[in-house]
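A.B. asks: I have a structure here, written as structure tokens, and I will follow up with some questions on it.
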Amino acid sequence: MADAEAPKVDDLKEFPEFPGEKMSKAEFKRRMKALEKEKKQAEKEKAKAEKAAEQAAAKAAKGEEVKLDAEETLDPTQFYENRIKFVNDQKSAGGTPYPHKFHTNITIPEYVAQYSSLEPGVQKTEVTAALAGRIMSKRASGGKLLFYDVKADGQKVQLICDARNSSLTLEEFQKLHMSVRRGDIVGASGAPGTSKRGELSLFPSGFEILTPCLHMLPGHTGLKDQETRYRQRYLDLICTPHVRDVFIKRSNIIRYVRRYLDNMNFVEVETPMMNMIAGGATAKPFITHHNDLDMTLFMRIAPELYLKMLVVGGLDRVYEIGRQFRNEGIDMTHNPEFTTCEFYQAYADYNDLMDMTEKMISGMVMELCGSYQLTYHANGKDQEPITIDFTPPFRRISMLDGLKEAAGIEIPGGATNLMSEEANKYLLEQCEKLGVVCPPPTTTARLLDKLVGEFLEEQLTNPGFICDHPEIMSPLAKYHRSVPGLTERFELFINKHEVCNAYTELNDPQVQRERFADQMKGKAQGDDECMDIDEGFVKSLEYGLPPTGGWGMGIDRMTMLLSDSQNIKEVLLFPAMKPDETAK
Amino acid sequence: MWATRLGQRLAVAGGLPLARASRNGLVVATPRASKQAVHREQRTMCTATSPEAGVTNQQGKQKKEKKQKGPANGNNNNNNRRRRAAKGADEPTSSLEEIRAGRIQKASDLRTAGMNPYAYRFDRTASSAELASKYESLGAGEEVQLEGGDMEAVSGRVIARRAFGKLAFYSIQDESGTTQLYCDKAKLNQSDPEAFSRLSTLVDIGDIIGARGSMKRTEKGELSVNIAEFEVLTKSILPLPDKFHGLQDVEKRYRQRYVDLIVNPEVRNTFRDRARIVSLIRRTLEDDGFLEMETPVLETVAGGADARPFKTHHNALDRPMILRIATELHLKRLIVGGFEKVFELGRVFRNEGISTRHNPEFTSVEVYQAYADINEMMDLTEKIVANCAQQVCGKLKVDYQGTEIDFSPPFRRAPMNELVREATGVDFLALGDLEAAREAAAAALKEAGVSAHNIPKCPSVGHVLNEVFEEVCESTLQQPTFVLQHPIEISPLAKPHPTVAGVADRFELFIYGRELANAFSELTDPLDQRQRLEAQVANHVATGGGKESKGDAGYDVKVDEDFLTALEYGMPPCGGLGIGVDRLVMLLTDAASIRDVIAFPVLKSAE
Numbered sequence: 016m017a018d019a020e021a022p023k024v025d026d027l028k029e030f031p032e033f034p035g036e037k038m039s040k041a042e043f044k045r046r047m048k049a050l051e052k053e054k055k056q057a058e059k060e061k062a063k064a065e066k067a068a069e070q071a072a073a074k075a076a077k078g079e080e081v082k083l084d085a086e087e088t089l090d091p092t093q094f095y096e097n098r099i100k101f102v103n104d105q106k107s108a109g110g111t112p113y114p115h116k117f118h119t120n121i122t123i124p125e126y127v128a129q130y131s132s133l134e135p136g137v138q139k140t141e142v143t144a145a146l147a148g149r150i151m152s153k154r155a156s157g158g159k160l161l162f163y164d165v166k167a168d169g170q171k172v173q174l175i176c177d178a179r180n181s182s183l184t185l186e187e188f189q190k191l192h193m194s195v196r197r198g199d200i201v202g203a204s205g206a207p208g209t210s211k212r213g214e215l216s217l218f219p220s221g222f223e224i225l226t227p228c229l230h231m232l233p234g235h236t237g238l239k240d241q242e243t244r245y246r247q248r249y250l251d252l253i254c255t256p257h258v259r260d261v262f263i264k265r266s267n268i269i270r271y272v273r274r275y276l277d278n279m280n281f282v283e284v285e286t287p288m289m290n291m292i293a294g295g296a297t298a299k300p301f302i303t304h305h306n307d308l309d310m311t312l313f314m315r316i317a318p319e320l321y322l323k324m325l326v327v328g329g330l331d332r333v334y335e336i337g338r339q340f341r342n343e344g345i346d347m348t349h350n351p352e353f354t355t356c357e358f359y360q361a362y363a364d365y366n367d368l369m370d371m372t373e374k375m376i377s378g379m380v381m382e383l384c385g386s387y388q389l390t391y392h393a394n395g396k397d398q399e400p401i402t403i404d405f406t407p408p409f410r411r412i413s414m415l416d417g418l419k420e421a422a423g424i425e426i427p428g429g430a431t432n433l434m435s436e437e438a439n440k441y442l443l444e445q446c447e448k449l450g451v452v453c454p455p456p457t458t459t460a461r462l463l464d465k466l467v468g469e470f471l472e473e474q475l476t477n478p479g480f481i482c483d484h485p486e487i488m489s490p491l492a493k494y495h496r497s498v499p500g501l502t503e504r505f506e507l508f509i510n511k512h513e514v515c516n517a518y519t520e521l522n523d524p525q526v527q528r529e530r531f532a533d534q535m536k537g538k539a540q541g542d543d544e545c546m547d548i549d550e551g552f553v554k555s556l557e558y559g560l561p562p563t564g565g566w567g568m569g570i571d572r573m574t575m576l577l578s579d580s581q582n583i584k585e586v587l588l589f590p591a592m593k594p595d596e597t598a599k
Numbered sequence: 011m012w013a014t015r016l017g018q019r020l021a022v023a024g025g026l027p028l029a030r031a032s033r034n035g036l037v038v039a040t041p042r043a044s045k046q047a048v049h050r051e052q053r054t055m056c057t058a059t060s061p062e063a064g065v066t067n068q069q070g071k072q073k074k075e076k077k078q079k080g081p082a083n084g085n086n087n088n089n090n091r092r093r094r095a096a097k098g099a100d101e102p103t104s105s106l107e108e109i110r111a112g113r114i115q116k117a118s119d120l121r122t123a124g125m126n127p128y129a130y131r132f133d134r135t136a137s138s139a140e141l142a143s144k145y146e147s148l149g150a151g152e153e154v155q156l157e158g159g160d161m162e163a164v165s166g167r168v169i170a171r172r173a174f175g176k177l178a179f180y181s182i183q184d185e186s187g188t189t190q191l192y193c194d195k196a197k198l199n200q201s202d203p204e205a206f207s208r209l210s211t212l213v214d215i216g217d218i219i220g221a222r223g224s225m226k227r228t229e230k231g232e233l234s235v236n237i238a239e240f241e242v243l244t245k246s247i248l249p250l251p252d253k254f255h256g257l258q259d260v261e262k263r264y265r266q267r268y269v270d271l272i273v274n275p276e277v278r279n280t281f282r283d284r285a286r287i288v289s290l291i292r293r294t295l296e297d298d299g300f301l302e303m304e305t306p307v308l309e310t311v312a313g314g315a316d317a318r319p320f321k322t323h324h325n326a327l328d329r330p331m332i333l334r335i336a337t338e339l340h341l342k343r344l345i346v347g348g349f350e351k352v353f354e355l356g357r358v359f360r361n362e363g364i365s366t367r368h369n370p371e372f373t374s375v376e377v378y379q380a381y382a383d384i385n386e387m388m389d390l391t392e393k394i395v396a397n398c399a400q401q402v403c404g405k406l407k408v409d410y411q412g413t414e415i416d417f418s419p420p421f422r423r424a425p426m427n428e429l430v431r432e433a434t435g436v437d438f439l440a441l442g443d444l445e446a447a448r449e450a451a452a453a454a455l456k457e458a459g460v461s462a463h464n465i466p467k468c469p470s471v472g473h474v475l476n477e478v479f480e481e482v483c484e485s486t487l488q489q490p491t492f493v494l495q496h497p498i499e500i501s502p503l504a505k506p507h508p509t510v511a512g513v514a515d516r517f518e519l520f521i522y523g524r525e526l527a528n529a530f531s532e533l534t535d536p537l538d539q540r541q542r543l544e545a546q547v548a549n550h551v552a553t554g555g556g557k558e559s560k561g562d563a564g565y566d567v568k569v570d571e572d573f574l575t576a577l578e579y580g581m582p583p584c585g586g587l588g589i590g591v592d593r594l595v596m597l598l599t600d601a602a603s604i605r606d607v608i609a610f611p612v613l614k615s616a617e
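Each protein sequence line maps, in turn, to chains W and U.
Offset between the first sequence (1-based) and my numbering: plus 15.
Offset between the second sequence (1-based) and my numbering: plus 10.
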């Protein structure tokens, strides 16, 4: 039926504002008017919402409680019980308090990177961003507008939940947000934008609790108790800023070392952590028992001997990054399990390895910290930090020369006479004279170690090598090519702490056997820090170990330096702790 | 002819004392007991007429094949001789102790001559493989004259040698392959008149030497270093075992892996492939934004799996500890702590019997991703496994123990109950009643011809279903298959399936009838988790507390309270995945036993 007012078909045309539609001029005007009205309304609402948001944020910033969750004032037990009730109520109502999946399309760090340049007061309604994270703070302005800070992967974004944006009815909206607590993990989807003040925000249309937090999170000041930080590392990671950065740095250090060695064609291998003999170092091992084989096994204290066996087998460049175990006390720098990197390179010697160490370590610091100069709170966070300069080359101190220069110590008869009574007596006298305490047994090796600690290690705040240790201190290192009595060994010290230990490997099986025998003598004298003989290893040497340089680094200590941590527990995710006395 | 004969000789090179010289004057592997023996051997050296001989891996292999086929070329005489020689290895003229003493004497002689039998370092210019590619275009009979600092320097272990009076050939092996040293007395003696005789008398098979010289391709086409100088880098004082005898001894291969590696270059390749696989897994995850973490090996509660742990004791804390049986519960704590993508590739320990598939310590990679579920984990598994196959084997269809495995994604996906129903006709989940399930299972297992003795011990329908699956279906899953929807009773850490009752949102990947990976949509509900763990403990106690025999004290399974507390703080929805690295390496290196892919496997004590 033709309407009198119906426009003639000829009069219809397409307007650029409404692509794909043909309409009359009158209709176009009408549509434009409606659009205008919609737009104004939206702007009005937006302005209103933001005004409220600003007010709320301003109040919050001033420390005023906009609307504190009533439960925040409850004691923790009551809080917990209320939350359990909430979860159970949901379950009995057929709800899913722990949904299987929330589809995110952007992570919070990505969100921050993508939208932080938005002008204040913008809402990109044409985009739907879906993100998820943990609520670190909740503020409300009436029942229709709520503000959440949501954190994930170390970054934060604000959610501005306005009932009018929500797909829920007002009643549903209010019920949902009433149940949200600080600590809950939530998913939200909606328009990216900024508040009037320019704070990066998301204006969700969809919002759901993905995992309710049943406990009250520690207050905004974070965890104060160190013990709790280590025992409940997950809480520490939630509440203490920068903790996650330490572990990201740790991961990056290991990755750097791995890639460095991979690029030099080293092969990463895995050698046993449980052995019949604990060799390769001197330490008390953990003992365990294999049930089925009825066999006593020791947790490894170093992978050294196995790795050298692989070099005997023709794997010319091998390394292993992994856990070692020492059944010793726990302190600022010791944990019963710790991570080392050891590598072995056929046809290289300790000079090659010193050059390589300089390159690797200085390169690592440059890559991960952006400079050769590193600031480190060597004397605690409350003291002025020191600067450690990793610019290569590193200082090299030959041990006995260094002692002579620093303390005037000159062993009678020189390095070749180190095994003598005379040398032992001389060093004992020197220790007394210089006020260096060495608890018994006062073997020559131990006396020297104390003197080196006092006079040489103290000099090495910046990275430096102490080299050419006496044979008696280094049972697995090769005798020095030009100075009898010494070995071709070095230790790298940084901030006065040993970080690397390396040597030209002793590959003469007969000498190795003698050295082990000497170690047994030391053990008989009461020095626990002496090695057991490993016949299987000596036998492998008899098949021929090529000239080889071997190297070890403590990953934990390196991480402490690069993350400005003073306690090894700061760089271990779950450090070993004394039994919790306060636990029931 | 010559080549063939020499090849046979070489095949036994590296063997036990073969202080034999044939009429031709070929001397192979001559560890000697004493100086007298040295003189004896020197007397037997004479000039051979055709010193052209090549030793490459390939040629060596050909020789080996020929040999194994027997006298295919009618060369009976030589074959017999070889057999005699090999037999001689079993009946050495000198005992091992004598050989050892002889070689120690040689080390001492080297010192006397001013040479260090244990050198400090060596600068090589190229590996065997690098030389081969660098001089690829060098024609047969051609030589590149190099002098002074331009000379090529190579190093490696002597694995074969042949001497012809004024000419000798040494084959040295390095990581990348073998190189032939062409040792011309006149050239060697230019700088040191004793050099050639020292080479003949003081260098044994097994020694590690370095040499410098020009490059030459022999008339037979063998690339060689025409050496101007050499040095002993490491004197070996124990002789290498005979390739065809000693290293057939599997136990010895594992116990003295270094000898295995020297004598069987393919073993080196296995461990190089292992390193590549581990590296590929890491890179795939790192490129996807996962962060590698290190969680404790020493724990106070064993969780994340149901297995007997190793116990130990911390002295300073005077506290019993156990070695982790999985990394799961600590990694999940990190997801609670706000890391969204983490993994750990490392050792786990289970105090169980050893077999071709079990070593007490093994390597796993566990991956956790917040806001993901098993669907992402399936994609990730396919990506990791297929990527490793492609990179390591160069193809996706890989032969494993005679079966072709097709690693092309996507892998088949099938619910466990479906697989069991297809195989037995029984829909266990529909049965609902435990007694009915047990009866149906007993009948089904009887029909399949497998033992049903575990069925009466199954405490739930879910356990019955799993038992039937393991007995009837597992071995049939040769091609990669994701088995889905495990009974909830055997999946204490997995979320319930969103739609199917009684099963978990879980998968296991089976290849060649073996479980390779295991993944869940992780259970995030702490109340449900507590019930499940408590049920697990109750079940452990009810089934005898892990006692395997009379007098066995069994082991404790405890609820990890700290883990539950962590869950109470809220873990986001999370997908988790574990892959057995050793088993993946086995598949991709065609290794029959886990001991072939672990450098130093645990073995029974040698008596």
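All residues carry an ideal CB built from backbone N, CA and C; glycine is no exception.
Within the chosen definition, does the segment 515–532 of chain W reach the segment 580–591 of chain W through at least 3 CB pairs nearer than 8 Å?
C.D. replies: With the cut-off at 8 Å, the segment 515–532 of chain W and the segment 580–591 of chain W do not touch.
A.B. asks: Are the beta-carbon atoms of residue 161 (chain W) and residue 115 (chain W) separated by less than 7 Å?
C.D. replies: No, the pair does not count as a contact, with Cβ atoms beyond the cut-off.
A.B. asks: Taking a Cβ distance cut-off of 8 Å, strictly less, list which residues of the segment 179–204 of chain W are near chain U, in chain order.
C.D. replies: The segment 179–204 of chain W vs chain U, Cβ under 8 Å: 198, 199, 200 and 202.
A.B. asks: What's the C-alpha gap between residue 134 (chain U) and residue 140 (chain U)?
C.D. replies: For residue 134 (chain U) and residue 140 (chain U), the distance between alpha carbons rounds to 11 Å.
A.B. asks: Pick out the complete alpha helix (DSSP H) segments inside the segment 119–193 of chain W, 4 residues or longer, and give them in chain order.
C.D. replies: Within the segment 119–193 of chain W, the complete alpha helix (DSSP H) runs of at least 4 residues are 123–130 and 185–193.
A.B. asks: If you run the structure through DSSP and keep just helix, strand and coil, what is residue 501 (chain U)?
C.D. replies: Correct three-state label for residue 501 (chain U): coil.
A.B. asks: Residues in the segment 311–331 of chain U with C-beta within 9 Å of chain W's C-beta atoms, listed in sequence order?
C.D. replies: Those would be 318, 320, 321, 322, 323, 324, 325, 326, 327, 329 and 331, in chain order.
A.B. asks: Give the DSSP bridge partners of residue 220 (chain U), in chain order.
C.D. replies: According to DSSP, which records beta bridges pairwise, residue 220 (chain U) is partnered with U:165 and U:241.
A.B. asks: Among U:231, U:341 and U:181, whose alpha-carbon lies nearest the alpha-carbon of residue 190 (chain U)?
C.D. replies: Ranking the options by Cα distance to residue 190 (chain U), first place goes to U:181.
A.B. asks: Any beta-carbon of chain W closer than 7 Å to the one on residue 603 (chain U)?
C.D. replies: It does not; no Cβ of chain W falls within 7 Å.
A.B. asks: Tell me the rounded alpha-carbon separation between residue 147 (chain W) and residue 202 (chain W).
C.D. replies: About 4 Å.
A.B. asks: What residues from chain U crowd round residue 482 (chain W), counting only those whose CB sits closer than 9 Å?
C.D. replies: Residues of chain U passing the Cβ test: none, with the nearest at roughly 14 Å.
A.B. asks: If we call anything under 7 Å between Cβ atoms a contact, is residue 217 (chain W) one with residue 205 (chain W)?
C.D. replies: Closer than 7 Å, so yes.
A.B. asks: What are the boundary residues of the alpha helix (DSSP H) that includes residue 472 (chain U)?
C.D. replies: Note, residue 472 (chain U): alpha helix (DSSP H), 471–478.
A.B. asks: Flag residue 165 (chain U) as yes if its beta-carbon sits less than 7 Å from any beta-carbon of chain W, otherwise no.
C.D. replies: Taking Cβ atoms only, chain W reaches closer than 7 Å to residue 165 (chain U), which makes this a yes.
A.B. asks: Which stretch, first to last residue, makes up the beta strand (DSSP E) that contains residue 340 (chain W)?
C.D. replies: Start and end: 332–340.
A.B. asks: Pull the bridge partners of residue 482 (chain W) from the DSSP assignment, please.
C.D. replies: Paired residues: W:413 and W:505.
A.B. asks: Hey, could you find the ends of the alpha helix (DSSP H) residue 387 (chain W) is sitting in?
C.D. replies: Element bounds for residue 387 (chain W): n/a, residue is neither H nor E.
A.B. asks: Taking only beta-carbon positions, decide if residue 116 (chain W) is within less than 7 Å of chain U.
C.D. replies: Closer than 7 Å: yes.
A.B. asks: Quick check: what's the CA-CA separation for residue 464 (chain W) versus residue 138 (chain U)?
C.D. replies: Each residue's Cα considered, the two are about 44 Å apart.
A.B. asks: Give the interface partners of residue 351 (chain W) over in chain U, defined as CB-CB distance under 7 Å, in chain order.
C.D. replies: Those within 7 Å of residue 351 (chain W) in chain U are 308 and 324.
A.B. asks: If residue 165 (chain W) sits next to residue 149 (chain W), beta carbons under 8 Å apart, how far is it from one beta carbon to the other, in whole angstroms?
C.D. replies: Their Cβ separation, rounded to whole angstroms, is 7 Å, which keeps residue 165 (chain W) and residue 149 (chain W) in contact under 8 Å.
A.B. asks: Please confirm if residue 271 (chain U) has its CB atom under 7 Å from at least one CB of chain W.
C.D. replies: Chain W, which has a Cβ nearer than 7 Å to the Cβ of residue 271 (chain U), makes this yes.
A.B. asks: Could you tell me whether the Cβ of residue 279 (chain U) comes closer than 7 Å to any Cβ of chain W?
C.D. replies: By this cut-off, residue 279 (chain U) is not an interface position.
A.B. asks: Return no unless some Cβ of chain W is closer than 7 Å to the Cβ of residue 120 (chain U).
C.D. replies: It does not: the Cβ of residue 120 (chain U) has no partner Cβ on chain W nearer than 7 Å.
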